[in-house]
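Protein chains in written order, with my numbering: chain A, 185 to 273; chain B, 227 to 724; chain C, 2 to 293.
We put the beta carbon where it would ideally sit given N, CA and C, even for glycine.
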Amino acid sequence: MDIIKPSKAGTYESNDIYIMLFPGYEENLIELESVVYDCFGYQIKKVIKDVLKENNINHVLVKAIDKGALDYTIRARMITAIKRGVSNE
Amino acid sequence: MQIDGYKKNYKMYSYSKVIKDQVILKPTKKNNSLNKLRKNISNLLDELTIKDGSVISFHHHMRNGDYVLNMVMEEIAKRNVKDLTLFASSIFPCHEPLVKLIKEGVVTQIYSAYISGPVAEAISQGLMKKPVVMHTHGGRPRIIESSEIKIDVAFIAAPSCDYRGNINGSLGKNACGAIGYAVTDAWFAKNTVAITDNFVISVDKPHIEGKYIDYIIKVDSIGEASKIVSGTTKITRNPIGLKIARLAAEVIKYSGYFKNGFSFQTGAGGISLAVAHYLKEIMKEENVKGSFASGGITGYLVDMLKEGLFERLYDVQCFDLDAVQSIRENEAHIPISASKYANINDDCIVNDLDYVILGATEIDLDFNVNVTTSSTGEIMGGSGGHSDTAYGSKVTIIVSQLFNARIPVIKEHVICKTTPGETVDVLVTERGIAINPRRRDLIERFRQTNLPIMTIQELKKISDNLVGIPEEVEFTNKIVGIVEYRDGTIIDLLYKRG
Amino acid sequence: MNELRRSLLFIPGNNPGMLQNADVFDADSIIIDLEDSVSLDEKDAARILLKELVNAIIFKNIELIVRINPFDSEDYQKDIEVVKNLNIDTILLPKADIQSVKDLDNKLTEINSEIKILVLIETAFGVEKVFDILETSDRCIGLMLGGEDLCVDLTCERTKSGEEIFYARTRLLNAAHALKLKAIDTPFTNTNDEAGLIEDTNFAKKLGFTGKASINPRQITSINKCFTPTIQEINHSMRILNANKQALKEGKGVFAIDGKMVDLPIIKRAEKTIVVAQKLGLIKNSGEYHAN
């Protein structure tokens, strides 16, 4: 699947994560800012990578600004951003 | 192991060997001079000559509105003095100018019970030459009275002061109420300086008697009393906090000590105050009246005093302006010194407590509590009276969200052991209540209720399932702080982050 | 699942902070909302968040309800496509009428779903047709009154005292109880008026409502308290049931307690009270009362 336009999902509220996807990169890149980076940075990136893989996305820059979101929220925001980025609506 | 800049004969903490009944000094000072007034701080420093390595003390009753520490330190720094030890009961964000003095080596050691803001950050970054000593509120007078530390000059922010040096904290434009943390300093420092913005002809009921004061300096303002209301002193509106508070109040109700004459302390945090709110409802429903409430006092406890729900308030520092007004007007609202409040060698109030409500940044499976650092290891607080009251009270209740913005409160190990698990009885969270297995009596009692009791391991599992297990934070081996238990033993060490 | 339905708490469907704590406020049911609390351009995000949440978290001892968008909206179909496959208990159908209940029932029946339906009655037409609406599907467990929207339809102001919805309340109650279904009252929307909430809830209970919806977690304790039997009610019910047992043994048809004749409806009511008390764990070891 290909992201055909920049897309975003989520909010800057506490317990949420704001995801931006930018198409046209050679490989997937992740830029993560998080209020819990020291404790969960690795885990957050893992969830992001998992969702990219599940959706067979290989050429995006993921910019993520995390405010302490739990894994299922990160998954949901990633999936939403991907769906918005692949659609022409 | 010798720790640079720290006493050589230190001992490590052991609950079964807590050190009590040390020989303590008695105040003997009698300075009846009528010539105590000096023109300004600079003139005074000509007379006092603060040398390299001196110990100077401050108290924190003006909290985040304090001007005195900064104005004195600025003058001292001009005199090219180095290597001072700052003995300040607490340090707040308003004391940011200290960071420069730390970098320049003017201040190379700090003793304090609570440090937050830029100074805490500087310490965590390893900018201090010697490790800070983080004692408790009761530990501070113990350190002074056992002559472990000799204060060279004590600077006392005095909301009102007469020409004999009598000080009352409740009067004046910057009234802050009780000044319990300054009392022991005044008794034993080699030189004591009252700094006041309200110089009056006579102070009737002094919190500190004039005979302990050597010098008086008039200034325009000692601070901003409106800012003594620092931190949260309002009941939380957060429904999770309210649920925790309601559960904590029910823990009190069913714990077995809830009867006429019981005693109670709670902090000024949003959840802690809400506990007082729900406790008040239960006291009215059950027609139970308490004997005293103690600690830092807020308007909430003042209202309960007025309504006759408590007979007395013992106040070492006022957390809001309602408390300041009350201590000025109400005989049953009694100012006490930090020693009378929490000194392990004194006949202290905390020993008579039935309940204390306390917070936690982290708590581990042995109920050890961290309130000194953040969950990533940076200094952002300290015991204050946390470990003193936990030791003294019959039931110590920790109130905390199980997790917030993914940060869990229950950890395998706490980064810093501020208060030992042997003195912590109950953890109340929004998803369940854990009782320390040492308290079989409480476990048995709560079995008869519908309260959501579980083991702390079970609670941790709920938390881990929701947020995951955080990565361990790494530290270097550079010691930036020593955490002292109330008896002066070392309970933990703080390290610089890796 | 918790079937007490004393308190039903609305949680905005696109708010992770509130969703992750939805189950800590002691509400018997939580209603994850995809409708009014989610803006049009975030409907997709809310559906996905709901799906990921429900797949990740098991809610214990709580009824999980989802309020979908109304039948005549674009999002209705999309909501059902996601929701029908989730492990939830109940769908709250807004602006319910016969056609929409029938449609929802069909869609759920197609996939052999066990999801129940709670109908939200919030139009003048719905109020008039409520009995038929409830009879449309066996999945209907009851109804909820939506007072705010109803007042828009009635072109009247929604007031604190609520005279304007009195007719709707009683009409809905009659229909629900006629079919032995639950009747859930409309939320009390001023979240800072605790006394008003208690008064409104007590009034609803007095009329016959079995529970009340809420839009703020701070209201749940008061609502639960109102719909929970008091220690006096439980003790009184116990006395009635014990006296009844005794009367049966002695072959007496009717008997009196405190000078008042006890007949079958009173015994039935006492039995109901004890059942609720038992469900709430207020009675342990036959007859011992425990505070909650």
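Item                                                                                                                                                                                                  : Value
Looking at chain B, is there any beta carbon in it that lies within less than 8 Å of the beta carbon of A253 (chain A)?                                                                               : yes
Short of 7 Å Cβ to Cβ, which residues in the region 227 to 249 of chain C face chain A?                                                                                                               : none
Any Cβ of chain C within less than 8 Å of the Cβ of C289 (chain B)?                                                                                                                                   : The amino acid occupying residue 289 (chain B) in the given sequence is Arg; Cys does not appear at that position. So, not an interface residue.
Could you please give the first and the last residue of the uninterrupted alpha helix (DSSP H) stretch that includes S689 (chain B)?                                                                  : 682 to 693
Could you tell me whether any Cβ in chain C is nearer than 8 Å to the Cβ of L199 (chain A)?                                                                                                           : This sequence places Asn at residue 199 (chain A); Leu is not what is there. Judged by the 8 Å Cβ criterion, N199 (chain A) is in contact with chain C.
Is it buried or exposed, D272 (chain B), if we count other Cβ atoms within 10 angstroms and call 16 or more buried?                                                                                   : exposed
Return the CA-CA distance between V244 (chain A) and A549 (chain B), expressed in angstroms with no decimal places.                                                                                   : 58 Å
Starting from P696 (chain B), find everything on chain A with Cβ-Cβ shorter than 9 Å and list it in chain order.                                                                                      : V220, D222, C223, F224, Q227
Do you know how far the Cα of I589 (chain B) is from the Cα of H639 (chain B)?                                                                                                                        : 8 Å
How about G147 (chain C): is its C-beta nearer than 8 Å to some C-beta of chain A?                                                                                                                    : no
For D45 (chain C), return the contacting residues in chain A, with the cut-off set at a CB-CB distance below 9 Å.                                                                                     : A193, T264, K267, R268
Under 8 Å, do R68 (chain C) and G212 (chain C) count as touching if we go by C-beta distance?                                                                                                         : no
Let me know the secondary structure DSSP gives Y540 (chain B) once reduced to three states.                                                                                                           : strand
Within a Cβ cutoff of 6 Å, which residues of the same chain sit near N217 (chain C), ignoring the five residues on either side of it in sequence?                                                     : T192
If I measure Cβ to Cβ from E289 (chain C) and keep anything under 6 Å in the same chain, skipping five residues before and after, which residues do I get?                                            : For E289 (chain C), the predicted structure reports a pLDDT of 44, less than 50, and the residue's modelled location is therefore unreliable. A value from the coordinates is still provided. So the list is empty, once near-sequence residues are dropped.
Any idea what DSSP makes of D272 (chain B), helix, strand or coil?                                                                                                                                    : helix
Give the residues of chain C in contact with A248 (chain A), contact being defined as C-beta atoms less than 8 Å apart.                                                                               : In chain order: nothing, as chain C lies at least about 14 Å away.
Output yes or no for whether 8 Å exceeds the beta carbon distance between G658 (chain B) and L685 (chain B).                                                                                          : yes
Mind checking which residues open and close the beta strand (DSSP E) that includes C152 (chain C)?                                                                                                    : Element bounds for C152 (chain C): not the beta strand (DSSP E) but the alpha helix (DSSP H), 148 to 154.
Compile a chain-ordered list of the residues in the region 626 to 641 of chain B whose CB is closer than 8 Å to at least one CB of chain A.                                                           : N630, A631, R632, I633
How about A57 (chain C): is its C-beta nearer than 8 Å to some C-beta of chain A?                                                                                                                     : yes
Are the CB atoms of N400 (chain B) and G436 (chain B) within a distance shorter than 8 Å?                                                                                                             : no
Quick check: L720 (chain B) and I570 (chain B), are their CB atoms within less than 8 Å of each other?                                                                                                : no
With C-beta atoms as the reference, is L135 (chain C) less than 8 Å away from K96 (chain C)?                                                                                                          : no
When you compare only the Cα positions, how much space is there between N207 (chain B) and D573 (chain B)?                                                                                            : Nothing can be reported for residue 207 (chain B): it is not among the residues displayed for chain B, which extend from 227 to 724.
Please go through the same chain and pick out, in chain order, the residues whose beta-carbon is closer than 8 Å to the beta-carbon of T649 (chain B), but skip the five residues on each side of it. : Y241, S613, A616, Y617, T622
By the three-class DSSP mapping on this structure, what secondary structure does P230 (chain C) have?                                                                                                 : coil
Using a Cβ-Cβ cutoff of less than 8 Å, which residues in the same chain neighbour P207 (chain A) once the five nearest sequence positions on both sides are dropped?                                  : D186, I187, I188, K189, P190, H243, V244, G269
My output table needs one value for N199 (chain A): the three-state DSSP class, helix, strand or coil.                                                                                                : coil
Can you check whether the C-beta of T222 (chain C) is within less than 8 Å of a C-beta belonging to chain B?                                                                                          : yes
Determine the chain C residues that contact L468 (chain B) at a beta-carbon separation under 7 Å, and present them in chain order.                                                                    : R219
Indicate the three-state DSSP secondary structure (helix, strand or coil) for Q78 (chain C) in the structure shown.                                                                                   : helix
Kindly indicate which three-state DSSP category N703 (chain B) falls into: helix, strand or coil?                                                                                                     : strand
Closer than 7 Å, Cβ to Cβ, to anything on chain A: give me those residues from the region 5 to 24 of chain C, in chain order.                                                                         : P17, G18, Q21
Does any residue of chain C bring its CB to less than 8 Å from the CB of Y202 (chain A)?                                                                                                              : no
Here's the rule I'm using: 16 or more other beta-carbon atoms within 10 Å means buried, otherwise exposed. How should A471 (chain B) be labelled?                                                     : buried
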